[in-house]
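A.B. asks: Residue numbering for the sequence shown follows the UniProt record's numbering, beginning at 1 and increasing consecutively. For reference, the structure I am asking about is given below.
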Amino acid sequence: MNIIKTILLVGVTSVCVACSSTKSQTVSNTKASSNTLKDAYNGKFYIGTALNLNQIWERNEKAKEVIETHFNSIVAENCMKSENLQPREGEFNFTDADKFVEYGEKHGMHIIGHTLIWHSQAPTWFFKDANGNDVSREVLIERMRKHIHTVVGRYKGRIRGWDVVNEAILDNGEWRKSKFYQIVGEDFIKLAFQFAHEADPNTELYYNDYSTAIPAKREGIYKMVKQVIDSGVKVHGIGMQEHNGLDHPSIEETENSILRFSSLGVKVMVTEMEISVLPNGRPNMGAEISDRVAYRKELNPYVDGLPDEKMKELGARYKEFFSLYLKHQDKIDRVTLWGVGDGDSWKNGFPVPGRTDYPLLFDREYKVKPFVQDLIELGRKK
Numbered sequence: 001m002n003i004i005k006t007i008l009l010v011g012v013t014s015v016c017v018a019c020s021s022t023k024s025q026t027v028s029n030t031k032a033s034s035n036t037l038k039d040a041y042n043g044k045f046y047i048g049t050a051l052n053l054n055q056i057w058e059r060n061e062k063a064k065e066v067i068e069t070h071f072n073s074i075v076a077e078n079c080m081k082s083e084n085l086q087p088r089e090g091e092f093n094f095t096d097a098d099k100f101v102e103y104g105e106k107h108g109m110h111i112i113g114h115t116l117i118w119h120s121q122a123p124t125w126f127f128k129d130a131n132g133n134d135v136s137r138e139v140l141i142e143r144m145r146k147h148i149h150t151v152v153g154r155y156k157g158r159i160r161g162w163d164v165v166n167e168a169i170l171d172n173g174e175w176r177k178s179k180f181y182q183i184v185g186e187d188f189i190k191l192a193f194q195f196a197h198e199a200d201p202n203t204e205l206y207y208n209d210y211s212t213a214i215p216a217k218r219e220g221i222y223k224m225v226k227q228v229i230d231s232g233v234k235v236h237g238i239g240m241q242e243h244n245g246l247d248h249p250s251i252e253e254t255e256n257s258i259l260r261f262s263s264l265g266v267k268v269m270v271t272e273m274e275i276s277v278l279p280n281g282r283p284n285m286g287a288e289i290s291d292r293v294a295y296r297k298e299l300n301p302y303v304d305g306l307p308d309e310k311m312k313e314l315g316a317r318y319k320e321f322f323s324l325y326l327k328h329q330d331k332i333d334r335v336t337l338w339g340v341g342d343g344d345s346w347k348n349g350f351p352v353p354g355r356t357d358y359p360l361l362f363d364r365e366y367k368v369k370p371f372v373q374d375l376i377e378l379g380r381k382k
């Protein structure tokens, strides 16, 4: 009998110890989960990321864990662009876009739609008639209206903001001579914002562009957005894409752009950020996706991994930019990284195909890079 009591006592003690151990581990994990980017910048600005199809459909568990742990805002990398939503006139395919919105809603995220009107990744039919000739101004305006009303209307009340127009100004500050510009004229931007507002009066509407730290381009964007606002049409924000490198743009010119854009009374957002560690291919290249530079071995120096000194340089550069964003947190609504892990980044193929880049906060295995903790601490202190 004593032996049985002893066995029972040992068993109960073991269970209690196990329960205590589990409780400690749970508390520890809870504490660890609060050590995240979205928590560190809570109340300052949203921390976002762009999702590819594998991530939207939850096919990658490692990426899924990173997204749900560190980010509280998402944007679709490609599935909401017009060539994917309406590949043929009147034939809409919302399968992937619906899943993207559902994923964001499931996790209580700040959802951004990208992008309604863009000269690139637009279907060819948008600008052509049955004979292959350019359509009239009236026809293109009606196609814009139908596309925007259908897409924005479908997600009315579910999407926080839309990149309405993408990349309409050149680096020299002049209007890009896209098909939208050639056929409709400057009014195409005003009309796009007007149609989006009609489709969902409560969603925010943004203009989005790259290389915004170039003074001439900054001024061109400023004048264009002011023109739209002065016409009485709503523009809620300007997105600075921030496709940056280790030596460009300067922090000073980036700050000048934040100040200039915010003076219009609109929000400023960092919408597509990454920092490439690779040579640019040729001087002063922006993010025009049609630009390409031929592969040369010297343009791909880190095939076998990023050296420690370069990782430190990358971390210091990120810290510079995040410090700037924190300085102007009263103006900045969101900082979004253009991809989750290094392997997802478009910079592996742009502007030089076939390279190995390391531009994001998480590596190819979705492991956190050493400097991310510095960014978390930075956010906590400010």
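Glycine residues also receive a C-beta, built at the ideal position from the N, C-alpha and C atoms.
Which same chain residues, not among the five before or five after Trp125, have their C-beta less than 6 Å away from its C-beta?
C.D. replies: Glu89
A.B. asks: Please give me, in chain order, every unbroken run of the beta strand (DSSP E) with length at least 3 that falls completely inside the stretch 294-359.
C.D. replies: Those beta strand (DSSP E) runs which fall completely within the stretch 294-359 and span 3+ residues are 332-337.
A.B. asks: Give the DSSP-derived three-state secondary structure of Ser262 in the structure shown.
C.D. replies: Correct three-state label for Ser262: helix.
A.B. asks: Using DSSP with H/G/I as helix, E/B as strand and the rest coil, what is Ser276?
C.D. replies: strand
A.B. asks: When you compare only the Cα positions, how much space is there between Tyr210 and His147?
C.D. replies: Our two residues, Tyr210 and His147, have alpha carbons roughly 24 Å apart in a direct line.
A.B. asks: So, are the CB atoms of Asp247 and Tyr206 less than 8 Å apart?
C.D. replies: no
A.B. asks: Give me whichever residues DSSP pairs with His248 in a beta bridge.
C.D. replies: Per DSSP, none; premise fails for His248.
A.B. asks: So does Arg296 have its beta carbon nearer than 7 Å to some heavy atom of the ligand SAM?
C.D. replies: The model depicted lacks the ligand SAM and carries no ligand whatsoever.
A.B. asks: Using only the alpha-carbon positions, how far apart do Ser136 and Thr150 sit?
C.D. replies: Rounded to whole angstroms, Ser136 to Thr150 spans 21 Å at the Cα level.
A.B. asks: What do you get for Lys367, buried or exposed, if any count of 16 or more other CB atoms within 10 angstroms of its CB means buried?
C.D. replies: exposed
A.B. asks: Fully enclosed by the stretch 66-117, which alpha helix (DSSP H) runs are 4 residues long or longer?
C.D. replies: Taking only runs of at least 4 residues, the alpha helix (DSSP H) segments lying wholly in the stretch 66-117 are 82-85, 95-106.
A.B. asks: Could you tell me which residues DSSP pairs with Gly239 in its beta bridges?
C.D. replies: Beta-bridge annotation (DSSP): Gly239 is paired with Asn208, Met269.
A.B. asks: What first and last residue would you give for the beta strand (DSSP E) that runs through Ile47?
C.D. replies: For Ile47, the enclosing beta strand (DSSP E) begins and ends at 46-51.
A.B. asks: Ordered along the chain, which non-local residues of its own chain (more than five positions away) have a Cβ less than 6 Å from that of residue 383?
C.D. replies: In the structure as shown, the chain starts at 1 and stops at 382, and residue 383 therefore has no counterpart that could be examined.
A.B. asks: By the DSSP assignment, the beta strand (DSSP E) with Asp163 in it spans what residues?
C.D. replies: 161-166 is the extent of the beta strand (DSSP E) around Asp163.
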